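>
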Amino acid sequence: MTVSDVPAGAQAPSLETLLTRSSNNMLTEPVPSDRDLETIFQAATRAPDHGRLRPWRFVVIKGEARQEFVKVLQAATKARKPEATESDLKLLANKFLMQPMIIAVGAKVTEGKIPEIEQVLSAGAAAMNILNAIHALGFAGKWVTGDNCYDPNVNAALGFTRPDRLIGFIYVGTEKMKLPAMERPNPTDFVTEWKGPAAG
Ligand SMILES: Cc1cc2nc3c(=O)[nH]c(=O)nc-3n(C[C@H](O)[C@H](O)[C@H](O)COP(=O)(O)O)c2cc1C
Numbered sequence: 005m006t007v008s009d010v011p012a013g014a015q016a017p018s019l020e021t022l023l024t025r026s027s028n029n030m031l032t033e034p035v036p037s038d039r040d041l042e043t044i045f046q047a048a049t050r051a052p053d054h055g056r057l058r059p060w061r062f063v064v065i066k067g068e069a070r071q072e073f074v075k076v077l078q079a080a081t082k083a084r085k086p087e088a089t090e091s092d093l094k095l096l097a098n099k100f101l102m103q104p105m106i107i108a109v110g111a112k113v114t115e116g117k118i119p120e121i122e123q124v125l126s127a128g129a130a131a132m133n134i135l136n137a138i139h140a141l142g143f144a145g146k147w148v149t150g151d152n153c154y155d156p157n158v159n160a161a162l163g164f165t166r167p168d169r170l171i172g173f174i175y176v177g178t179e180k181m182k183l184p185a186m187e188r189p190n191p192t193d194f195v196t197e198w199k200g201p202a203a204g
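If you count by our numbering, then the sequence shown holds residues 5 to 204, one letter each, in order.
(1) Since residue 49 and residue 130 should fall inside the 8 Å C-beta cutoff, what is the C-beta to C-beta distance between them, to a whole number of angstroms?
(2) Under a Cβ-count criterion, where at least 16 other Cβ atoms within 10 Å of its own Cβ denotes burial, should residue 170 be classed as buried or exposed?
(3) When DSSP labels each residue in this structure, what does residue 179 get in the three-state scheme?
(4) What's the call for residue 126, buried or exposed, on a 16-neighbour Cβ count within 10 Å?
(5) Which class does residue 61 belong to by DSSP, given the choice of helix, strand or coil?
(6) Please report the straight-line C-alpha distance between residue 30 and residue 178, rounded to a whole angstrom.
(7) Between 199, 192 and 146, which lies nearest to residue 28 when the distance is taken from Cα to Cα?
(8) How would you label residue 168, buried or exposed, when you count the other beta carbons within 10 angstroms and need 16 or more for buried?
(9) What did DSSP end up calling residue 50 once you bin it into helix, strand or coil?
(10) So for residue 221, helix, strand or coil by DSSP?
(11) Restricting to Cα atoms, I'd like to know which of 42, 107 and 91 is closest to residue 162.
(12) Assign residue 60 to buried or exposed, taking buried as 16 or more other Cβ atoms, counted over all protein chains shown, within 10 Å of its Cβ.
(13) Using a Cβ-Cβ cut-off of 6 Å (strictly less than) and excluding sequence neighbours within five positions of residue 173, which residues of its own chain qualify?
(14) Measuring only from the beta carbon, is residue 165 closer than 7 Å to any heavy atom that is part of ligand 1?
(15) If we require 3 or more residues per run, which beta strand (DSSP E) segments fall completely within the region 89-115?
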């Protein structure tokens, strides 16, 4: 990437961004501006994509629309779990309404040569780029799923009907507070060097 590829106003990507990102769901306003969102989705659509299928889809939910979104979640939860109490539904509503912005990320799956998993993985890579981009811009976020993410009614309300897949909700905003730093694993615990089948 050359410097001229970096959109005006955006910081050049840095390794520090990747090494300092952490999730936070204690978020408030301000949320990324439309201009910031453009940059964020530019980063998202840099995700690797087998076959140029462009499977990623991003649905921004903010402002008043969050109330409508919560109604969809509550109706889906009630249909799935008739035993859910009013208090359960209120808790669910609060969980989402406390987030100033939500980006639902999904994959528009094209049936054919490229396996579905690769298209879903590409959407996952886009989601990761969103998390890194919001961090680079000084915002924070968290990727969550839960039963509603896999509920066909919720999927349909956001424009994902099979074979398409909703892969998560990314909460986005400004940190209300820093969460305690999470202990990070030692990367070498996850890495081996393969030296051939005979090496055992
Ligand atoms: C596909 C996916 C789904 C996730 N769903 C949830 C979730 O529903 N609730 C939750 O608390 N964390 C969920 N997480 C984990 C958080 O996004 C986050 O990674 C975790 O809290 C660790 O924080 P870190 O990103 O700072 O390492 C999910 C992560 C992934 C990749």
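For glycine and all other residues, C-beta sits at the position ideal for the given N, C-alpha and C.
Bear in mind that the values here come from a model prediction, so they are computed numbers and not experimental data.
Judging by the given coordinates:
(1) 7 Å
(2) buried
(3) strand
(4) buried
(5) strand
(6) 8 Å
(7) 146
(8) buried
(9) coil
(10) Residue 221 is absent from the structure shown; the chain starts at 5 and stops at 204.
(11) 107
(12) buried
(13) 106, 108 and 148
(14) no
(15) 105-111
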